[in-house]
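All remarks here apply to the structure that follows.
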Amino acid sequence: MSGSAVSTSSRTLAAQGKRARPPTLSLTTSRRGVPTNTILELETPVEETDALRFPISPASPIYSTPVSPSAEQEFSSSTDDLTKDLAVLEQLRRSVQKNLLLRPIRHSPTPPQSPVRPLSAASTAWPDYSQGRSASPSSGITSPSIYYTPISDARSPPPSAQYIGPKSSVYEQTAHEPPLDSPARAVDPASLASQLAAAPDAPRPLLIDTRPVGLYLMSRLRWSINMAIPTLILKRSRKPGNGFQSIDALRQFITSEHSRDAWDELMRPGGKWDGHVVVFDEEMNEKERNNAQATAWALLPVLPSLLTRGCVDYLGGGMIAARTHSDLRHLIVAGEHEHQHHAPSIQVPEEPPEAPPPVKPSLPQKKGKGLFQLDTISAARSKALPEIEYSAGTSTLPMMPSAI
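Oh and the sequence shown: position 178 is 158 in our numbering, straight run, nothing missing.
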């Protein structure tokens, strides 16, 4: 019994040992037909400059190579992801290539020349012109763009951008004028006298006198116009949108009738106004430049925006300097004289007025005394009048009438 049991257990262990050993497996790998070194080449419009520059005939192999149906079926039936991606990219490349061949992008290899005139040597004021060329997105790498983008700081315009042509009076006048927003300059009396020497036949500036009208009529410059502009209006005029619309809006502030006539004569179409304005008062004190109550100084920043040509200046020293200058003081007049005649007029002596006839007094007059003069000397020579003596029982009061 024991021997059979031992043999049975040994067989069972031998059977378990054989079952635990794994079987020998033979594994074989299938080789795929995908190339190991795959290079993707996409033809872009930038690389095909020769193909875009010259039209390709329909017999070209690139133009006549359609996408074969068998290739599409082969790519679509493949189960590999990489093969599908390559097939999609290849189909996209051929589609883009076909569209570019059908509709090529035209471009010029060099920028066109200006039809007006070639660039001169003065255009070298922009040294970054050749460096600032930006390539157009639709052109090739070697074809520069005709657009210019400056990469340096802002500078003054090149000399080639200035006016080139025959000199004219308008060009010579505006070439040396300061900008309208520049501060007013002081004009010395000698310069103003030279401008007014040939007046009124030659062009002359507009002279605005802001003194009170009483001082203006006592002594004034010939052809000057007196204006009285309220300070509040000048303050509002300096704000944007509240200023005067034109230079003609100042006519309403002229104080005298003869100044209005002078304004109309000077500012009419075809008049003798040269576009400049000269403002002055009695002394034009520089310390009152920022004083809003000084009409002359407050008017200077308002006038430049009203001018289309010319500039605004002020007479240095005012009327005090004009009176002391040897040439300008001859142009100082008084009263309301006529403006357009500057030659001295011939004065005809007037006959003296006839004396009124003497009035015959009704009473005899004494020599050296008027008609209604009191004679106190005769009264002093008269004798003393007798005095009335009142009695003691008589009252000095007036007597009352007795009652009836």
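The beta-carbon is built from N, C-alpha and C at its ideal position, and this holds for glycine as well. A quick note: this is a predicted structure, and the numbers were derived from the prediction, not measured.
With distances taken Cα to Cα, identify the nearest neighbour of ILE234 among ILE205, ILE213, ARG289 and SER199. Working through the sequence shown from its first residue, we reach residue 234 at position 254. Nearest C-alpha to ILE234: ILE205.
Use the C-beta contact count for ARG184: other C-beta atoms within 10 angstroms, 16 or more gives buried, fewer gives exposed. Your numbering for residue 184 matches position 204 in the sequence shown. ARG184 is buried by the Cβ-count criterion.
The segment 205 to 214 / the segment 173 to 180 touching (three or more Cβ pairs under 8 Å): no
With three or more beta-carbon pairs closer than 8 Å as the criterion, would you say the segment 303 to 314 touches the segment 195 to 204? Output reads yes: the segment 195 to 204 touches the segment 303 to 314.
Report all residues from its chain with a CB closer than 6 Å to the CB of ARG240; omit the five preceding and five following residues, and keep chain order. On the sequence shown, residue 240 is found 260 positions in, with the first residue counted as 1. By the criterion of a C-beta distance shorter than 6 Å, ARG240 is surrounded in its chain by ILE234, once the five residues flanking it on both sides are discounted.
Have a look at ALA301, ARG269, ASP181 and THR288 and flag the residue whose alpha-carbon is nearest the alpha-carbon of ALA164. One-based indexing of the sequence shown puts residue 164 at position 184. Checked all of ALA301, ARG269, ASP181 and THR288; the closest Cα to ALA164 is ARG269.
May I ask you to list the residues that DSSP assigns as paired with ILE188? If you number the sequence shown from 1, residue 188 lands on position 208. ILE188 is bridged to ILE205 and VAL259.
Contact the segment 285 to 293 vs the segment 251 to 258: 3+ CB pairs below 8 Å: yes
Can you tell me the Cβ-Cβ gap for MET299 and GLU266, rounded? I've got them flagged as a contact below 8 Å. Here residue 299 refers to the residue found at position 319 of the sequence shown. Here residue 266 refers to the residue found at position 286 of the sequence shown. With 8 Å as the limit, MET299 and GLU266 do not qualify as a contact, their Cβ atoms being about 16 Å apart.
Rounded to whole angstroms, what's the CA-CA distance from GLU245 to LYS252? Just pull it up for me. Numbered from 1 along the sequence shown, position 265 holds the residue referred to as residue 245. Numbered from 1 along the sequence shown, position 272 holds the residue referred to as residue 252. So the alpha carbons of these two residues sit roughly 8 Å apart.
Whether THR211 touches ALA276 by CB criterion (8 Å): Your numbering for residue 211 matches position 231 in the sequence shown. Your numbering for residue 276 matches position 296 in the sequence shown. Contact flag unset, no.
For the candidate residues SER226, MET247 and LEU308, whose alpha-carbon lies nearest to that of PRO284? If you number the sequence shown from 1, residue 284 lands on position 304. Nearest C-alpha to PRO284: SER226.
Checking 8 Å against the spacing of the C-beta atoms, do LEU308 and PRO169 come in under that value? Position 328 of the sequence shown, counting from 1, holds the residue named residue 308. Position 189 of the sequence shown, counting from 1, holds the residue named residue 169. The answer is yes: Cβ separation under 8 Å.
What is the DSSP secondary structure of LEU286, reduced to helix, strand or coil? Translated into the one-based positions of the sequence shown, residue 286 becomes position 306. In the three-state reduction of the DSSP assignment, LEU286 falls in the helix class.
Since ASP244 is in the alpha helix (DSSP H), which residue starts that stretch and which ends it? Start at 1 with the first residue of the sequence shown, and residue 244 comes out as number 264. Run containing ASP244: 237 to 247, per the alpha helix (DSSP H) assignment.
If contacts are defined as beta-carbon pairs under 8 Å, then SER236 and VAL193 qualify, I think. What distance do you get, rounded to the angstrom? Against the sequence shown, residue 236 aligns to sequence position 256. Against the sequence shown, residue 193 aligns to sequence position 213. 7 Å between Cβ atoms; contact.
Between the Cα of PRO220 and those of PRO281, ARG289 and VAL68, spot the shortest distance and give me the residue it belongs to. Residue 220 sits at position 240 when you count from the first residue of the sequence shown. The shortest Cα separation from PRO220 among PRO281, ARG289 and VAL68 belongs to PRO281.
Could you tell me the distance, in whole angstroms, from the CA atom of LEU80 to the CA atom of ASP60? Position 100 of the sequence shown holds residue 80. Position 80 of the sequence shown holds residue 60. Near 31 Å, if we compare the C-alpha coordinates of ASP60 and LEU80.
Where LEU186 falls, given that 16 or more other Cβ within 10 Å makes a residue buried: Residue 186 sits at position 206 when you count from the first residue of the sequence shown. By the 10 Å Cβ count, LEU186 comes out buried.
Could you tell me the alpha carbon to alpha carbon distance between LEU435 and SER306, rounded to whole angstroms? Residue 435 falls outside the range modelled here, since the chain spans only -19 to 384, and no answer is possible.
Judging by CA-CA distance, which residue of GLN273, LEU287, ILE213 and LEU72 is the nearest neighbour of ASP228? Here residue 228 refers to the residue found at position 248 of the sequence shown. The residue with the shortest Cα to Cα distance from ASP228 is LEU287.
So, helix, strand or coil for ASP61, using DSSP? Within the sequence shown, the letter at position 81 stands for residue 61. Note: ASP61 maps to helix in three-state DSSP.
Here's the rule: buried if 16 or more other CB atoms are within 10 angstroms of the residue's CB, otherwise exposed. What is SER75? As a first step, residue 75 is located in the sequence shown; it is residue number 95 there, counting from the start. An exposed status is given to SER75, since fewer than 16 other beta-carbon atoms sit within 10 Å of its beta-carbon.
In the DSSP assignment, the alpha helix (DSSP H) including ARG385 goes from what residue to what residue? The chain is shown from -19 up to 384; residue 385 falls before or after that span and cannot be answered.
Are the Cβ atoms of LEU197 and LEU279 separated by less than 8 Å? By 1-based counting over the sequence shown, the position of residue 197 is 217. By 1-based counting over the sequence shown, the position of residue 279 is 299. Not a contact, by the Cβ cut-off of 8 Å.
To the nearest angstrom, how far is it from the Cα of GLY250 to the Cα of SER217? Numbered from its first residue, the sequence shown carries residue 250 at position 270. Numbered from its first residue, the sequence shown carries residue 217 at position 237. Rounded to whole angstroms, GLY250 to SER217 spans 28 Å at the Cα level.
Could you please give the first and the last residue of the uninterrupted alpha helix (DSSP H) stretch that includes ARG216? Numbered from 1 along the sequence shown, position 236 holds the residue referred to as residue 216. That run of the alpha helix (DSSP H) goes 211 to 217.
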